[in-house]
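Residue numbers (our numbering): 325 to 1163. Remarks on the structure that follows.
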Amino acid sequence: MDTSPDTSFVCPIIIEDDRTGLDTETIRRALRDNLLYIQGKLPELASKNDLYMALAYTIRDRLLQRWLTTQQTYLKKDVRTVCYLSAEFLVGPHLANNLINLGIYEQVQKAVSESGLKLEELIAQEEEPGLGNGGLGRLAACYLDSLSTLEIPAIGYGIRYEFGIFDQEIHDGWQVEITDKWLQYGNPWEIARPESSVEVKFGGYTESYTDENGNYRSRWIPDYVVKGIPYDTPILGYRVNTANTMRLWKSEACESFDFGRFNRGDYYGAVDNKVHSENISKVLYPNDEPIQGKELRLEQQYFFVSCSLQDLIRIHLYENPSLDNFHQKWSVQLNDTHPSVGVAELMRLLIDVHHFDWDKAWFITQNTFAYTNHTLLPEALEKWPLSIFGRLFPRLMEIIYEINYRFLDKIRIIYPHDDGKMSRLSIIDESGEKYVRMAHLACVGSQAINGVAALHTELLKKDVLRDFYELFPEKFSNKTNGVTPRRWMVSSNPRLTFAITEKIGENWIKHLEDLRGLENYVDDGGFRDSWRRIKYDIKADLANYIDKKVGIKVDPSTLFDVQVKRIHEYKRQHLNVLHIVTLYHRLKNNPNLDITPRTFIFGGKAAPGYFMAKLIIKLINSVAEVIDNDPTIGGRLKVVFLPDYNVTFGQRVYPAADLSEQISTAGKEASGTGNMKFSMNGSLTIGTLDGANIEIREEVGAENFFLFGLTTEEVYAKKAAGYNPQEYYYHNEELRAVLDLIGSGFFSRGDSSLFRPLVDNLIYNDPYMLLADYQSYIDCQEGVGWAYKDQEHWSRLAILNVARMGKFSSDRSIREYCEEIWRIQPVKIELPDYIQANA
Ligand code: GPU
C-alpha cells in the first residue's frame, strides 16, 4: 500500500464553511451535522455523551486548518524546533480550553443553548486523559500550552497509555484503585497516523561486521521488534494560529501474528509476542518519586524515546540533505531521566543507521539534549540494573560503556588519582550490584541541566549533582516552574477572570505580570466586596459538589483549608491531620473556645503499593468521620476527603480555597506547582521555605504569606546532630496528647493497632520531621485563624497575592527555556484567506 503523499493530486480542496465558521449559526448547523454524520445519532436518540462528541468534532474541525497550516509552515520555513520528551502528559480535558483559546466560548454557548443544551454539562462529559501521576506530567501539559501561545515550534512526545492513572474510590476510608478506561467511548481529539509508524528493537545480541568501505560496524540482531503508531493531538495556543502537536505512541506487534512461529506449531509463543508488544503502552505506572524499577517500565521508556528520535530523524531528512545539522534544527528536552536513554539511542541511530563516526555523533548528541531534574529525593534517582538493561538493549549497553569510558578518561586527567571522584561520576554504579545511573547519562549527554525552582537548583549544585556541577558549571541553570493561566484561571475561574478583566483589561491572560494593575484596587472597598462575593459563590458551588459526591454538608462561610496533591510522607498530609486533631482536642477540653470555623479539604492519590500513604488516607477519613459526627463540635470543624483528585477536580477546588497547604519538609519538594495555582486564585499560603514557596513568598511579600518550620539548613543540621523525635513527644504535652489520641484507637473504633505504624514511625523515626515542625505549624495556623476573622484584611491579602503572581505563568518559564537553553524564536502562522480569523 502506498502511504506517501501523492503530488499528482491537484484538485483544490474546497473548504466547507461548516467546518471553519465561528459564528453561532454555523456552529449550530455543524453540531447537528456532526451528530448525524460523525457520531451517527439521530437527535432524538442522542445521549449527553453523543452531544459532547458532536461538539468536540465541531471544535476539532475548527482546529484542523490551524494545525495543518502550522505544520506546513514549520516544514517550509525549516524552523528550529523544541521537542519535549516526557513519559507523562497530564493535559486535562480539551474542550473548554480549545473554546477559550479559539475565542469562541460565547458563540458556542449560545449555539448550544439555542439547541436546548447547557454547554457546561457537555464540557463535564469529557473524560480527562490521565496520562500522568502529578506535578511532572501536569508541568509538561502547561508547557505545551505556553509553547503554542508563544508561537514556538514544538512537539511533545510521549506514550498513549491505554489505561491512565487509576480512578480512586474510597471504601471504608481506604483507597481502592479502579482501572481508568478513558478511551472506552473514543477520543475525538486525536488522529492516528499509522502511515508514520516506526519499529523498535528489543533483546537479542549484537555482532560486528565490516561494511563495503572496510569500516568496522556493529549491528543489533533483536529478539523481537515492536511497532509504534503515533496518535496526534493538536495543542492550540491562546488567540494565535499556532497549533503544535502532542504525538503519543501506541505499541503494537509488528505482524498480527508471527507466522513462522505459528506454522512451526508454536501458537502460544506467537500470541505471547503479540500480547507483550501490545502491553508496552498498556498502562501508566502509578508510582512517582520513586518510580518502580519494573522491566516493563524500562521498555516503555525506550519504546517512546526510540519512536520519537526516529520520527525526528525522518522529519529532518525530509527537509535536509543529511543529519549533520540535526542539533541546529532540534533541541530535545528530557523531562526528568525517564527519557534519558535517548542519549544512547541517538548515538546508536547516528552511528549504526546513519554511519556517523563516534566524535561527530557525540557532538551532535551533546548539542541536542538538555535535561531537567525534578527531584532531590535520593530514592527517586532512577537507576536500572545492568543485568536488565543489557539484556533488553545489548547495543545501547555497548554504547553507554563507550560513552562512560571516554568520559572517565577525561576525568582521570582532570582529577588524577581521585578514584572516589571517578566512581561517583561514573554512569555505571559499581558499588554493589551494577546499575546504569540515568541522571549521569543525562548530565554527560546534555548541553544544559536545570532544576525547577531556585532552591532546588542550588541544592542540585551543592548536593545531588555536585560533582557534575564542579565539572561543568556552565551547563547548570535554574528554570522556576510556572503554570498556564489559561487553564488555571480563565477556564477554571471565569468569575474571577471577569472581575479582573473588568478592572485591568484582558492583557494579563498573555502577560501575567499585568496582574500588578490589581494593586490599584486593594483599597477599593467595592472591589473587595465583590471579590469576597465571588469567592463565597465559588465556595458555595464546591459545597454543593461535596454534598453530592460524599454527602457531607459544609458551610461556605467557614475557612476552606485545602491540601490537594499526591499523598506522600514528604508532603506531610499527616502534619495537617495533627493540626486538625489538635483543634479537636482543644474544643473537647474547652467547648466554648473561640476558634475560626474551618473546613479541611483533602484530595490526592497514593501509589498502590505505598503502605504509609494509604494509611494516611485512612487516617484522614477516620478523623473526618469522628469529627464530622461529633455534635459538640457543631460544625466548627469539618474534614472532607474528596476521592479521585485529578485535573478536572483541581479546576474546581483551587478557585474555592481560602488557604493553600504547602507544608513539605524543607529541601524535599523540588518546586511544587499547586502552590502557584492556589495563589493565582486568591488563596493565601501556609508553607515552609521549600521549592517555589520561597519565590512565591518573595513575590507576594512576607506579610502576605504564612511561614513556618525549619529551613533546609536547619533540617540538615538537625539530622547531622542526631535528630530525636522523642524529645518533642515527651516535651510537648499537646503534641503527645494528639499522638496518643490517634494511637489509642479513638479514631479507629477502638482499634489501637490500626494507626500504630504511623504514630510509631513519627515518635521513633520521623524522617520528614513532623514533630520538629509541629509547634511552629500550630502557632502559624493560629495566626491564620485570627487573620481570617478580619475579612477586609484577608481580602486585601488575597488580592495582593493574585496581583503579584505574574512570575509564575508558564509563559515566563518557557521564555526562559527558549532564550537560555533552546535558543528558539517564535514563528508566526498565517492562515489562508478562506479561514475565518479568531473571533
Ligand atoms: N515530580 Br521526579 C513528580 O510529580 N513526579 C516525579 O516523578 C518527579 C517529580 C514533581 C515534583 O515533586 C514537584 O516538586 C515539581 O513541581 C514537579 O515535579 C514539576 O517540576
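Using N, Cα and C, we set each Cβ at its ideal position, and we do this for glycine too.
Task: CA-to-CA distance, R356 to L369, given in whole angstroms - done: Between the C-alpha atoms of L369 and R356 there is a straight-line separation of about 13 Å.
Open item on the list: Tell me which residue opens and which closes the alpha helix (DSSP H) that T692 is part of.
Closed with: Judged by DSSP secondary structure, T692 falls within the alpha helix (DSSP H) whose first and last residues are W682 to T692.
Task: Residues of its chain near F731, where Cβ-Cβ distance is below 6 Å and the 5 sequence neighbours each way are ignored - done: Closer than 6 Å at Cβ, skipping near neighbours: V768.
Task: For S601, the first and last residue of its enclosing beta strand (DSSP E) - done: Careful: S601 lies outside any beta strand (DSSP E), inside the alpha helix (DSSP H) at Y591 to N603.
Task: C-beta atoms of F822 and M1000 nearer than 8 Å - done: No. Outside cutoff.
Task: Cut-off 8 Å between Cβ atoms - residues of its own chain near S1003, not counting five sequence neighbours on either side - done: Excluding residues within five positions, the ones whose Cβ falls inside 8 Å are S984, T1009, I1020, V1024, N1125, V1126, M1129 and F1132.
Open item on the list: Please tell me whether, using a cut-off of 7 Å, the distance from the CB of D347 to the nearest non-hydrogen atom of the ligand GPU is below it.
Closed with: No.
Open item on the list: Below 7 Å, is the gap between the Cβ of L460 and the nearest heavy atom of the ligand GPU?
Closed with: Yes, since a heavy atom of the ligand GPU falls inside the 7 Å radius drawn around the Cβ of L460.
- [ ] Spell out a yes or no on whether the stretch 845-853 and the stretch 425-445 are touching, meaning 3 or more CB-CB pairs, one atom from each, closer than 8 Å.
- [x] With a cut-off of 8 Å, the stretch 425-445 and the stretch 845-853 do not count as touching, because too few Cβ pairs lie within range.
Open item on the list: Assuming G850 is part of the alpha helix (DSSP H), what are its boundary residues?
Closed with: Looking at the DSSP string, the run of the alpha helix (DSSP H) that includes G850 is G849 to V874.
- [ ] Buried or exposed for P554, please, with buried defined as at least 16 other CB atoms from any protein chain shown within 10 angstroms of its CB.
- [x] Within 10 angstroms of the beta-carbon of P554 lie 16 or more other beta-carbons, which makes it buried.
TODO: Run the CB neighbour count on F965, radius 10 Å, all protein chains shown included, and call it buried at 16 or more, exposed below.
DONE: Around the beta-carbon of F965, 16 or more other beta-carbon atoms lie within 10 Å, marking it buried.
Open item on the list: Can you determine whether any heavy atom of the ligand GPU sits closer than 7 Å to the C-beta of L463, and answer yes or no?
Closed with: Within the cutoff, so yes.
Task: Simplified DSSP state of R588, which is helix, strand or coil - done: Secondary structure at R588: coil, using DSSP grouped into helix, strand and coil.
- [ ] Determine which residues share a DSSP beta bridge with L409 and list them.
- [x] Under DSSP, the beta-bridge partners assigned to L409 are Y481 and L658.
Open item on the list: Quick check on DSSP: helix, strand or coil for A1163?
Closed with: Below a pLDDT of 50, predicted positions are generally treated as unreliable, and A1163, at 45, falls in that range; the measurement from the model is reported next regardless. Coil, per DSSP.
TODO: Could you tell me which residues DSSP pairs with I925 in its beta bridges?
DONE: According to DSSP, residue pairing for I925 in a beta bridge involves V886 and V964.
- [ ] Confirm the yes/no value for this check: CB of G497, any heavy atom of the ligand GPU, distance under 7 Å.
- [x] No heavy atom of the ligand GPU is found nearer than 7 Å to the CB of G497.
TODO: Compare the beta carbon distance of L883 and S632 with 8 Å and say whether it is the shorter of the two.
DONE: No Cβ-Cβ contact shorter than 8 Å links L883 with S632.
- [ ] Could you tell me which residues DSSP puts in a beta bridge with L572?
- [x] DSSP, once it has assigned bridges, lists G482 and Y555 as partnering L572.
- [ ] Find out if the Cβ-Cβ distance for the pair R811, D469 is shorter than 8 Å.
- [x] In contact: R811 and D469 (Cβ atoms closer than 8 Å).
Task: heavy atom of the ligand GPU below 7 Å from N831 C-beta - done: Relative to the ligand GPU, N831 has its C-beta separated by 7 Å or more from all heavy atoms.
Open item on the list: Please state the DSSP three-state secondary structure of K992.
Closed with: When DSSP states are grouped into helix, strand and coil, K992 belongs to the coil group.
Task: Candidates L460, N953, A948 and E1057, of which the one nearest W498 by Cα - done: Comparing Cα-Cα distances from W498 to each of L460, N953, A948 and E1057, the minimum goes to A948.
Task: Buried versus exposed, by CB contacts within 10 Å (16 or more), K372 - done: Under this definition K372 is an exposed residue.
Open item on the list: Distance check for A778 and E826, CA to CA, integer angstroms please.
Closed with: In a straight line, the C-alpha of E826 is about 34 Å away from that of A778.
TODO: Measure the Cβ-Cβ separation of T696 and L658 and say whether it is below 8 Å.
DONE: Cβ atoms of T696 and L658: closer than 8 Å.
Open item on the list: In this structure, how does DSSP classify K758 when only helix, strand and coil are distinguished?
Closed with: Note: K758 maps to coil in three-state DSSP.
TODO: Mark W1110 as exposed unless 16 or more other C-beta atoms lie within 10 angstroms of its C-beta, in which case mark it buried.
DONE: Result: exposed.
Open item on the list: Can you tell me whether P729 is helix, strand or coil according to DSSP?
Closed with: The sequence shown places Tyr at residue 729, rather than the Pro named in the question. The answer is helix: DSSP assigns Y729 an H, G or I state.
Task: For H495, the residue or residues it bridges with in DSSP - done: DSSP output for H495 lists W498 as bridge partner(s).
TODO: Along the beta strand (DSSP E) that carries I773, what are the first and last residues, could you check?
DONE: From DSSP, the beta strand (DSSP E) with I773 extends over S770 to G775.
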